[in-house]
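**Q**
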Ligand code: SF4
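Residue numbers (our numbering), protein chains in the order written: chain A, 49 to 279; chain B, 21 to 644.
(1) Which runs of the beta strand (DSSP E) spanning at least 3 residues fall entirely within the segment 48-86 of chain B, listed in chain order?
(2) Measure the CB-CB distance between residue 211 of chain A and residue 227 of chain A and report whether it falls below 7 angstroms.
(3) List the residues of chain B that residue 105 of chain A touches, going by C-beta distances under 8 angstroms, in chain order.
(4) Leaving out five residues on either side along the sequence, give the residues of the same chain with a beta carbon under 7 angstroms from the beta carbon of residue 86 of chain A.
(5) Buried or exposed: where does residue 63 of chain A fall if 16 or more other Cβ atoms within 10 Å of its Cβ makes it buried?
(6) Can you tell me whether residue 617 of chain B is buried or exposed? The criterion is at least 16 other CB atoms within 10 Å of its CB, across all chains shown.
(7) So residue 64 of chain A contacts chain B; which residues on that side make the cut at Cβ distance below 7 angstroms?
(8) Would residue 151 of chain A pass as an interface residue toward chain B - the criterion being a Cβ-Cβ separation below 7 angstroms?
(9) Tell me which residues of the segment 64-77 of chain B have at least one Cβ-Cβ distance to chain A shorter than 9 angstroms, keeping chain order.
(10) Using the Cα positions of residue 522 of chain B and residue 143 of chain A, report the straight-line distance between them to the nearest angstrom.
(11) Within the segment 499-565 of chain B, note down every full beta strand (DSSP E) run reaching 3 residues or more, in order along the chain.
(12) Spatial neighbours of residue 274 of chain B within its chain, please: CB distance less than 7 angstroms, with the 5 preceding and 5 following residues excluded, ordered by chain position.
(13) What is the rounded straight-line gap between the Cα of residue 640 of chain B and the Cα of residue 626 of chain B?
(14) Taking 7 angstroms as the threshold (beta carbon to beta carbon), is residue 59 of chain A in contact with chain B?
(15) Provide the residue span of the alpha helix (DSSP H) that contains residue 420 of chain B, from first to last.
(16) Decide yes or no for the touch test of the segment 64-71 of chain B against the segment 275-290 of chain B: beta carbon pairs closer than 8 angstroms, at least 3 of them.
(17) Go through the segment 169-225 of chain B residue by residue and report every complete run of the beta strand (DSSP E) that reaches 3 residues or more, in order.
(18) Run through DSSP, which three-state label would residue 642 of chain B get?
(19) Under the three-state reduction of DSSP, which class applies to residue 567 of chain B: helix, strand or coil?
(20) Going by DSSP, what residue range makes up the alpha helix (DSSP H) through residue 458 of chain B?
(21) How far does the beta strand (DSSP E) with residue 212 of chain A in it reach, from first residue to last?
(22) Take the Cβ of residue 7 of chain B as the centre, count every other Cβ of all protein chains shown within 10 Å, and call the residue buried at 16 or more, exposed below.
(23) How long is the line joining the alpha carbons of residue 236 of chain B and residue 566 of chain B, rounded to whole angstroms?
(24) Would you mind listing the beta strand (DSSP E) stretches within the segment 86-143 of chain A that are 3+ residues and don't spill past its ends, in chain order?
(25) Just verifying my parser: in three-state terms, what is the DSSP assignment at residue 433 of chain B?
(26) What whole-angstrom Cβ distance do residue 318 of chain B and residue 330 of chain B have, given they're in contact under 8 angstroms?
(27) Suppose only complete runs of 4+ residues qualify. What are the alpha helix (DSSP H) ranges in the segment 164-229 of chain A, listed by chain order?
(28) What residue range does the beta strand (DSSP E) around residue 230 of chain B cover?
(29) Got a sec: does the ligand SF4 put a non-hydrogen atom nearer than 6 angstroms to the Cβ of residue 294 of chain B?
(30) Taking only heavy atoms of the ligand SF4 into account, decide whether any of them is closer than 6 angstroms to the Cβ of residue 250 of chain B.
(31) When the Cα of residue 595 of chain B is compared with those of B:450, B:444, B:469 and B:254, which residue comes out closest?
(32) If the cut-off is 8 angstroms on Cβ atoms, which residues from the segment 322-346 of chain B count as contacting chain A, listed in chain order?
(33) State whether the segment 249-256 of chain A contacts the segment 193-206 of chain A, with contact taken as three or more CB pairs (one from each stretch) at a distance under 8 angstroms.
(34) In the DSSP assignment, the alpha helix (DSSP H) including residue 625 of chain B goes from what residue to what residue?
(35) To which residues of the same chain is residue 214 of chain A closer than 8 angstroms at the C-beta, ignoring the five residues directly before and after it?
(36) Can you give the Cα-Cα distance for residue 61 of chain B and residue 125 of chain B, rounded to whole angstroms?
This is how it looks when you write it as structure tokens:
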């Protein structure tokens with residue numbers, strides 16, 4: 049069965065959708081677009097679609113990915129056109145490609161996410177102070193945070209999951225660039241990084257009302273980095 | 021304002037999506053170019069409000085016009101309200117994020133009495149003075165409609181005008197009047213607008229009526245205090261229901277709402293004539309849609325929403341004369357693309373189980389039946405045309421077809437109820453358990469019989485409007501008795517909070533005077549009363565004491581047939597004579613047949629409102 053991979057953006061107008069809301073929305077988009085999607089077998093058939101990585105409530109994204117399995121052939125341009133007509137305002141279908149049957153699932157492949165985080169400060173911070181603090185923060189081999197889990201609060205070391213972290217003042221705000229690991233072995237969320245950084249450095253940054261935009265999801269295989277849409 | 025909401029408030033509240041808007045099919049018009057702007061207020065949270073068909077119909081109807089727009093606003097949950105007050109953000113519409121006070125009209129739907137405090141709160145959050153008399157000409161016109169408007173008196177001081185009855189056609193006339201009024205030269209007075217509005221059939225302007233009382237607090241008279249207001253306000257009804265506007269592009273919420281599916285209205289009204297049921301009186305006569313209209317609408321709706329479920333809605337869908345055919349066609353046509361059909365409201369009989377069997381694609385969860393009373397005698401008194409035999413056949417069929425749980429709905433505190441009737445509820449439940457055990461055999465461990473007991477609340481324009489509600493103590497005793505009798509591994513018993521039902525009864529039968537208590541209760545912090553974790557009974561009692569009202573005067577007092585009722589100046593179509601005759605038939609334990617199957621029983625609706633029962637699949641019963 050043909051499998052198509054689609055890249056889309058989640059904009060401001062749909063910022064507050066949860067991952068579940070987004071999946072449900074796509075189910076409906078696909079039905080409105082009359083895409084011949086395949087259904088799973090069994091008692092409660094559901095459309096065969098998969099996403100690369102869950103996106104939290106309040107977070108926008110420039111590039112998200114979704115795979116659909118189709119029950120019949122249809123041209124790529126047609127898929128893109130139909131989806132574009134059927135999406136709600138704020139979701140933008142960017143491009144797509146057919147992927148081979150043996151391509152690993154998006155979830156299994158994509159393991160890095162980059163974000164731009166905008167945070168407000170209570171008083172302005174110059175770039176030197178900021179850089180010093182960022183440098184010191186990244187020198188830690190361990191950054192422990194308390195995570196609330198179903199089994200109660202748990203300690204977690206997020207440092208290994210922080211691939212890149214820097215920041216610069218933009219007016220009264222700070223703009224951070226964060227790249228973290230996304231995979232089953234240790235998801236680190238950008239808000240966790242900012243919160244840990246602010247707590248450790250003591251800088252007057254408001255970590256509660258930050259704006260997070262995911263700019264990139266990609267695959268890092270050590271030797272090469274690539275986007276799941278380019279293969 | 022939008023920035024503050026999106027960046028400061030929404031990240032900190034639960035379910036921010038309730039306030040985001042931008043759903044597929046939501047309508048965003050150019051504000052500056054539209055002459056009449058209406059904000060539709062639903063006095064409960066988003067998930068509840070978006071499940072309401074009336075909102076969807078009016079939203080569609082108004083937004084189809086080029087000269088009007090309608091935007092939505094729901095009651096903000098308590099956490100959001102706190103932030104709004106902290107940041108001084110006024111209540112705003114979901115579409116344009118405009119403050120509600122900037123609209124021409126703030127229109128509420130009243131679906132249940134226990135949303136009244138939310139309505140007051142929404143006015144307050146908008147910065148709009150709560151009392152009609154305190155709003156000068158610059159404030160939006162505040163109107164309200166919906167089933168609970170059939171006794172509008174508890175809201176009379178707060179609402180400028182009510183619409184009594186169905187809104188699809190009346191809303192156009194109301195908007196036309198407002199548009200004309202806005203175009204008039206010079207100072208535009210609200211009194212002039214109200215004067216024009218009360219000429220629209222169905223519109224009730226409370227300030228044009230005075231209420232006089234006897235010394236005992238009972239109403240002496242309600243009279244219009246101006247020459248132009250009608251003596252009696254006659255309810256609106258849609259004559260050609262099959263061709264009335266129906267939303268073909270309903271909003272598709274992002275987040276799960278209570279009814280998260282296509283709602284296809286197959287018929288309106290119900291003439292089974294249960295004597296406690298307000299919906300069974302105020303939506304008469306029964307008018308069906310033709311199968312052709314429904315199939316066409318279903319197709320459009322699937323295409324325009326992407327939903328995978330169509331719910332055939334009405335007060336009683338197994339009564340739809342063409343239900344079988346429509347079901348089959350829908351499943352033939354859309355089943356292969358994964359679209360299922362559901363039936364929300366079924367009678368307790370075999371036919372209904374047969375229908376349910378056809379549509380249950382997935383897991384067989386639970387089937388719900390509403391025998392309402394435990395004995396045949398009491399079922400005759402309330403005119404519930406269900407026999408024990410019907411019910412037993414239905415549950416037998418359900419268990420045989422694979423359902424493992426059934427829900428049984430009863431009402432306690434009904435007029436004429438005795439100890440035997442309570443025992444009857446328990447006996448019925450055990451009979452159902454026995455049937456289930458026999459059929460399910462060794463799978464009986466999975467069987468569940470849920471028994472729900474709500475409390476009788478007398479409602480305006482019903483044959484039981486004169487009957488008192490049991491006291492809270494009496495209701496509680498009955499609930500406890502049933503709880504003891506229904507202690508069984510396979511039975512789950514739940515009941516409604518008697519205190520809540522009591523407050524509901526006060527507002528269901530209260531006149532203008534109870535408005536003071538409502539205002540006071542809101543001032544004391546009452547809101548979201550229908551949410552059990554928010555309901556503050558003590559504050560309510562304090563409010564009644566503060567304004568010097570005895571709530572039991574409205575809830576627990578038998579009203580005399582002779583007295584003037586707070587809603588007597590509203591004509592719901594169903595005549596007083598019919599209600600009285602039904603009241604006495606109840607006393608005689610006599611039933612009255614459904615006019616669809618026997619002859620017209622002259623309830624008055626067809627005669628007074630010049631409408632007809634319209635049954636698409638069978639013979640039409642002309643009113644006598
Ligand atoms: S007037 Fe007659 S036909 Fe019409 S709803 Fe009443 S009882 Fe039925």
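Beta carbons are placed, not taken as given, at the ideal position from N, Cα and C, and that holds for glycine.
**A** Let me spell this out:
(1) 56-62
(2) As a position in the first chain, residue 211 of chain A is number 163, starting the count at 1. As a position in the first chain, residue 227 of chain A is number 179, starting the count at 1. Yes, the Cβ-Cβ distance between residue 211 of chain A and residue 227 of chain A is below 7 angstroms.
(3) Translated into the one-based positions of the first chain, residue 105 of chain A becomes position 57. The contacting residues are 36 and 37.
(4) Here residue 86 of chain A refers to the residue found at position 38 when the first chain is read from its first residue. For residue 86 of chain A, where only same-chain residues beyond five positions count, the Cβ hits under 7 angstroms are 49, 96, 117, 118 and 119.
(5) The count along the first chain starts at 1 and reaches residue 63 of chain A at position 15. With 16 or more other Cβ atoms within 10 Å, it is buried.
(6) Here residue 617 of chain B is taken as the residue at index 597 of the second chain, counted from 1. Result: exposed.
(7) Numbered from its first residue, the first chain carries residue 64 of chain A at position 16. What residue 64 of chain A touches in chain B: 30, 36, 37 and 40.
(8) In the first chain, residue 151 of chain A corresponds to position 103, counting from 1. Cβ-Cβ to chain B under 7 angstroms: no for residue 151 of chain A.
(9) none
(10) Position 502 of the second chain, counted from the first residue, corresponds to residue 522 of chain B. Position 95 of the first chain, counted from the first residue, corresponds to residue 143 of chain A. Going by the C-alpha atoms only, they are around 59 angstroms apart.
(11) 511-515
(12) In the second chain, residue 274 of chain B corresponds to position 254, counting from 1. 37 and 43, listed in sequence order.
(13) Position 620 of the second chain, counted from the start, is the residue given in the question as residue 640 of chain B. Position 606 of the second chain, counted from the start, is the residue given in the question as residue 626 of chain B. Confidence is the limiting factor: at residue 640 of chain B the pLDDT is only 44, short of 50, which leaves the residue's position unreliable, though a coordinate-based value still follows. Rounded to whole angstroms, residue 640 of chain B to residue 626 of chain B spans 13 angstroms at the Cα level.
(14) In the first chain, residue 59 of chain A corresponds to position 11, counting from 1. Residue 59 of chain A does not count as touching chain B.
(15) Taking the first residue of the second chain as 1, we reach residue 420 of chain B at position 400. Run containing residue 420 of chain B: 408-420, per the alpha helix (DSSP H) assignment.
(16) yes
(17) 181-183
(18) Your numbering for residue 642 of chain B matches position 622 in the second chain. In this prediction, residue 642 of chain B scores a pLDDT of 42, lower than 50, which makes its location untrustworthy; no coordinate-derived value is stated.
(19) Start at 1 with the first residue of the second chain, and residue 567 of chain B comes out as number 547. Three-state DSSP puts residue 567 of chain B in a helix.
(20) On the second chain, position 438 is the one that residue 458 of chain B refers to. Note, residue 458 of chain B: alpha helix (DSSP H), 439-460.
(21) Reading the first chain from its first residue, position 164 is the one you call residue 212 of chain A. It spans 210-218 - the beta strand (DSSP E) in which residue 212 of chain A sits, taken as one unbroken run.
(22) One cannot answer for residue 7 of chain B here, as it falls past the ends of chain B, which runs 21 to 644.
(23) One-based indexing of the second chain puts residue 236 of chain B at position 216. One-based indexing of the second chain puts residue 566 of chain B at position 546. So the alpha carbons of these two residues sit roughly 19 angstroms apart.
(24) 97-99 and 108-117
(25) Taking the first residue of the second chain as 1, we reach residue 433 of chain B at position 413. Looking at residue 433 of chain B - three-state DSSP - the assignment turns out to be coil, as it is neither helix nor strand.
(26) Locating residue 318 of chain B in the second chain gives position 298, where the first residue counts as 1. Locating residue 330 of chain B in the second chain gives position 310, where the first residue counts as 1. Contact holds; Cβ gap of about 6 angstroms.
(27) 175-187
(28) Counted from its first residue, the second chain places residue 230 of chain B at position 210. Taken as a continuous stretch (DSSP letters only), the beta strand (DSSP E) holding residue 230 of chain B covers 229-233.
(29) As a first step, residue 294 of chain B is located in the second chain; it is residue number 274 there, counting from the start. No; taking the cut-off as 6 angstroms, the Cβ of residue 294 of chain B has no heavy atom of the ligand SF4 nearer than that.
(30) Against the second chain, residue 250 of chain B aligns to sequence position 230. No, the Cβ of residue 250 of chain B stays beyond 6 angstroms of every heavy atom of the ligand SF4.
(31) Within the second chain, numbered from 1, the residue matching residue 595 of chain B stands at position 575. Nearest C-alpha to residue 595 of chain B: B:254.
(32) 322, 323, 324, 325, 326, 327 and 328
(33) no
(34) As a position in the second chain, residue 625 of chain B is number 605, starting the count at 1. Start and end: 625-629.
(35) For this step, residue 214 of chain A is matched to residue 166 along the first chain. Once the five neighbours on either side are set aside, the close Cβ partners of residue 214 of chain A are 179, 182, 224 and 225.
(36) Taking the first residue of the second chain as position 1, residue 61 of chain B is located at position 41. Taking the first residue of the second chain as position 1, residue 125 of chain B is located at position 105. Taking the straight line joining both Cα atoms gives about 10 angstroms.
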